[in-house]
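> Numbered according to full-length UniProt numbering, the sequence shown spans residues 1 to 373.
Glycine included, each C-beta is placed from N, C-alpha and C at the ideal position.
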Amino acid sequence: MTISPEMNQYHPDLIIEEAANGWRVIRLNRPKSLHALDESIVTALLQVFEDFHTDESVRAIWLDSTTPKAFCAGGDVRKLRQLVINNEADSANKFFEQEYALDLLLHDYAKPVVVWGEGYVMGGGLGLFMAAPFRLVTPYSRLAMPEVNIGLYPDVGASRFLADRGPVGLFTGLTGSIMTAAGAYGIGWATHICDAQRDIVLQKMINIDWDHYPAGDFRALDDTLNSLHRPVSPGPLQNSLDTIHSVCRGANFETDYDAIVGLSDARSDWLRQASENLVKGSPSTAAITWLLWQWGRQVHPWQEVFDLEKQISDWKIRHPDFVEGVRARLVDKDLSPEWQAVESMSLKGILGQNPPVTNNESWNELLKHYGVI
């Protein structure tokens, strides 16, 4: 592979290489922050993918990071928190705008994109991962949307991709539960599990003989990756499916909340941790996550999903739970957030004082239906 000077002018924390057979390799290179995303890097990635989209010499793209510990642990929420504290929420919103534009582009991308999701794939990293058609995990992958812990909410398209997974999506959104490769593959977050080393898998991709696949480049990749896929034994998610379906009915927020909290005496460590995450998590995050899951079940186009999430994100970062949640988990690290007091653990009791009204008619109708406004 070769690195041309022009390719690496996009961003100092991106490594972009030209490989054989029309392949381009993009590597996130922020190991100290587990390759966290900020406005500058998502803007650069958006530019890279836009340029490659129209470049006829580019046939397929491989996206990974420079370290096995994480593909991407999410957005740089500490930086976002500081912007909010500095009364620069509009600048924070530019990050979401660029991040969602990148995710939207990838959901509609005409060329194959393969993401190597080794290590932590969380939050904004999972949004990037889920936007690609080929999503590879390894036995060391750990995937989650853990926003309930920091007072944000599962965004980056999760309003749709959690709803697409039914009760399992609702459960993982509410609890921020970490999924292994088996769980991620089991619910379709990952398309393949690879136990071979990254460079071996990448080399097999680069060596594909496109001419042998008259059905097209996506079929070529699918066939090659299927030959590399290695099933693994069930993880905690699969072993808990019956319980998840029994506690996440999706008919009533308080019922679902109480049922998950009631897992505190479950036999499974994983289910007990899920219960604890929800109990200790942000009430406003739980409420908005449940409502967005309801909205996402109506199946909206990606453009509408990201348009709504832009407005919800603007509301959520201004909510006191966000600044406090990031402080407790990532700044002071005392793990003792003081969430905003709520009137009751109902949707109205949590959100009624400051409802997340938007210009989206179907969303506002949902808020009315559940008595929030």
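When DSSP labels each residue in this structure, what does His192 get in the three-state scheme?
Taking the first residue of the sequence shown as 1, we reach residue 192 at position 192. If DSSP states are grouped into helix, strand and coil, His192 belongs with the strands.
> For the region 106 to 167, which segments carrying the alpha helix (DSSP H) assignment without a break, of at least 4 residues, lie completely within its bounds, in sequence order?
124 to 130, 158 to 161
> Nearest CA to the CA of Leu37: which residue from Leu126, Ile260, Gln197?
Within the sequence shown, numbered from 1, the residue matching residue 37 stands at position 37. Minimum Cα distance to Leu37 is reached at Leu126.
> With three or more beta-carbon pairs closer than 8 Å as the criterion, would you say the region 131 to 143 touches the region 191 to 201?
yes
> Which partner residues does Leu28 have in the DSSP bridge list?
Residue numbering aside, residue 28 sits at position 28 when the sequence shown is read from its first letter. Answer is Leu14, Ser65.
> Which residue marks the beginning of the alpha helix (DSSP H) containing Ala181, and which one marks its end?
Here residue 181 corresponds to residue number 181 of the sequence shown, with the count starting at 1. Counting along the chain, the alpha helix (DSSP H) containing Ala181 begins and ends at 181 to 186.
> State yes or no: is the C-beta of Leu292 within less than 9 Å of the C-beta of Ala131?
Along the sequence shown, read from residue 1 onward, the residue named residue 292 stands at position 292. Along the sequence shown, read from residue 1 onward, the residue named residue 131 stands at position 131. Result no, Cβ atoms of Leu292 and Ala131 do not sit closer than 9 Å.
> Please confirm whether Tyr140 has its beta-carbon closer than 9 Å to some beta-carbon of chain E.
Of the protein chains in this structure there is only one, and it is not chain E.
> Just to confirm before moving on: does the CB-CB distance between Phe134 and Ala274 stay below 9 Å?
Residue numbering aside, residue 134 sits at position 134 when the sequence shown is read from its first letter. Residue numbering aside, residue 274 sits at position 274 when the sequence shown is read from its first letter. Against a cut-off of 9 Å, the Cβ pair of Ala274 and Phe134 comes out as no contact.
> Excluding the five sequence neighbours on either side, which residues of its own chain have a C-beta within less than 7 Å of the C-beta of Asp217, listed in chain order?
Taking the first residue of the sequence shown as 1, we reach residue 217 at position 217. So the qualifying residues of the chain are Arg59, Ala60, Pro112, Trp210.
> Using 9 Å as the threshold, is the C-beta distance between Cys72 and Tyr120 below it?
By 1-based counting over the sequence shown, the position of residue 72 is 72. By 1-based counting over the sequence shown, the position of residue 120 is 120. Tyr120 sits close to Cys72, with the two beta carbons spaced by under 9 Å.
> Using C-beta distances below 8 Å, list every residue in its chain close to Val84, excluding the 5 sequence neighbours before and after it, in chain order.
As a working mapping, residue 84 is identified with position 84 in the sequence shown. Around Val84: Ala92, Ile317, Arg318, Phe322, Val323.
> Excluding sequence positions up to five away, which residues of its chain have a Cβ less than 8 Å from the Cβ of Leu278?
In the sequence shown, the residue the question calls residue 278 occupies position 278. So the list reads Val148, Leu174, Thr175, Tyr257, Ile260, Val261, Ala286, once near-sequence residues are dropped.
> So what does DSSP say about Leu37, is it helix, strand or coil?
Residue numbering aside, residue 37 sits at position 37 when the sequence shown is read from its first letter. Three-state DSSP puts Leu37 in a strand.
> What do you get for Ser313, buried or exposed, if any count of 16 or more other CB atoms within 10 angstroms of its CB means buried?
Here residue 313 refers to the residue found at position 313 of the sequence shown. Label assigned to Ser313: buried.
> Work out the CA separation of Pro283 and Leu152 for me, nearest whole Å.
Working through the sequence shown from its first residue, we reach residue 152 at position 152. Working through the sequence shown from its first residue, we reach residue 283 at position 283. Computed Cα separation, rounded: 11 Å.
> Is the CB-CB distance between Trp103 and Val137 below 9 Å?
As a position in the sequence shown, residue 103 is number 103, starting the count at 1. As a position in the sequence shown, residue 137 is number 137, starting the count at 1. According to the sequence as given, residue 103 is Asp; it is not Trp. It is not a contact, given that the beta carbons lie outside the stated cut-off.
> Start and end of the alpha helix (DSSP H) containing Ala286?
As a working note, residue 286 is residue 286 in the sequence shown. 283 to 296 is the extent of the alpha helix (DSSP H) around Ala286.
> Is Leu220 helix, strand or coil by DSSP?
Taking the first residue of the sequence shown as position 1, residue 220 is located at position 220. Leu is not the amino acid found at residue 220; the sequence shown has Ala there. Three-state result, Ala220: helix.
> Can you round the beta-carbon distance between Val326 and Arg78 to whole angstroms, since I take them to be within the 8 Å contact cut?
As a working mapping, residue 326 is identified with position 326 in the sequence shown. As a working mapping, residue 78 is identified with position 78 in the sequence shown. The Cβ separation is near 6 Å, so the contact holds.
> In terms of residues, what are the limits of the alpha helix (DSSP H) holding Ala259?
By 1-based counting over the sequence shown, the position of residue 259 is 259. From DSSP, the alpha helix (DSSP H) with Ala259 extends over 253 to 261.
> Hey, would you say Phe95 sits closer than 9 Å to Gly75, going by beta carbons?
Residue mapping note: residue 95 aligns to position 95 of the sequence shown, counting from 1. Residue mapping note: residue 75 aligns to position 75 of the sequence shown, counting from 1. Yes, they are a contact pair.
> Nearest by alpha-carbon distance to Ala184: which of Ile200, Pro236, Arg219 is it?
Working through the sequence shown from its first residue, we reach residue 184 at position 184. It is Pro236.
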